[in-house]
Amino acid sequence: MQPPRAIVRRSSESWALQSALERHGLGPVVGVDEAGRGACAGPLAVAACILRPNDAKRFEGLTDSKLLSPDERERLATIVLRRAVDHCVVLVDPAEVDRRGVHAANIDGMRRAVARLQVRPGYVLTDGFPVTGFGVPSLAVPKGDLVAACVAAASILAKTTRDRLMGELHERRPEYRFDLHKGYCTPTHTAALAEHGPSPDHRYSFVNVAGAARLAGGRAADSSDGSVGHNEEDGAFDDLPDTFDEVDVIEGMGDIEGMAEAEGGEGP
């Protein structure tokens, strides 16, 4: 099912598509996006978010999370969490990225995030590529995090949740400097992999991690200080902010997504 044809005026900006769907009785509209797809370490974070219709004036500056500074992302994340009708963030850990492939894991994470919303959506907007299996109609929106406000909000929730978790991993494994690169393939991260070998928080299906593991003798770095948790590991995410009230760790997902990002973690 595709949405009815509607004239989307430029002045409506990123709220136009959601507004058109709502006017035709297809709401609530949920936006879905992920963060960490191209990283070679850390979890994949997938978020679903429903915004209130006609709430644009509360979200000045809302756009793709990659275009925002960390401070702006945190500011907008606070607003999203306070103003959203509903939201859910799902974390998919490196083990499942490796077992299933990052694309399959991402799609499954999107389905789980939408399924765990307390408010049943009427329509789902995804960023860039089509996804089925939501139980309601959906539409792939090219550059969705730029042109659809609910997708932008989801991208911000996914990015800020993941960045905070990567900061926690830095406290456990400071030798990798996860606080700088957030698990992406930067020179600092590459040098740390060469010196220390990969940790249990790395994605071994990525060619650079697999190469580092071979050089290190095929064994992961010492995991005694903790790694990204599975469901059975009690307290694995006890330190996540209380504001993220729907954070789930899906056991375990890795295509090679060697997308390097700038030092400082500003990437996909």
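Position in the sequence shown (first residue = 1) + 776 = our numbering. Using N, Cα and C, we set each Cβ at its ideal position, and we do this for glycine too. For clarity, every value in this text was computed on a predicted model and none was experimentally measured.
Residue(s) in a DSSP beta bridge with H978 | A817
Cut-off 7 Å between Cβ atoms - residues of its own chain near A988, not counting five sequence neighbours on either side = L969, A970, G973, P974
Whose C-beta lies closer than 7 Å to the C-beta of T964 among residues of the same chain, with five residues either side of it excluded?
-> R953, L956, H957, E1039
Count the other CB atoms, across all protein chains shown, that sit within 10 Å of the CB of L744; report buried if there are 16 or more and exposed otherwise.
-> No answer is possible for residue 744: it lies beyond the span of the chain, which begins at 777 and ends at 1044.
Going straight from the alpha carbon of K833 to that of A792, what length do you get?
-> 13 Å
Would DSSP call A916 helix, strand or coil?
-> strand
Please classify Q894: is it buried, with 16 or more other beta-carbons within 10 angstroms of its beta-carbon, or exposed?
-> exposed
Beta-carbon proximity check, D921 vs D840, cutoff 8 Å | yes
E836 - DSSP class collapsed to helix/strand/coil = coil
Residue from H978, R990, P829 with nearest C-alpha to A815 = H978
Entirely within the segment 850 to 931 and at least 3 residues each: give me those beta strand (DSSP E) ranges in chain order.
-> 862 to 868, 899 to 903, 914 to 917
Start and end of the alpha helix (DSSP H) containing D955?
-> 954 to 957
Enumerate in chain order the residues of its own chain whose CB-to-CB distance from V821 is below 7 Å, with the five nearest sequence positions on each side excluded.
-> Val is not the amino acid found at residue 821; the sequence shown has Ala there. Around A821: E810, A811, G812, V865, L867, A934, T937, R938.
Going by the beta-carbon positions, is the gap between V757 and R828 smaller than 8 Å?
-> There is simply no residue 757 to check, as the chain begins at 777 and stops at 1044 in what is shown.
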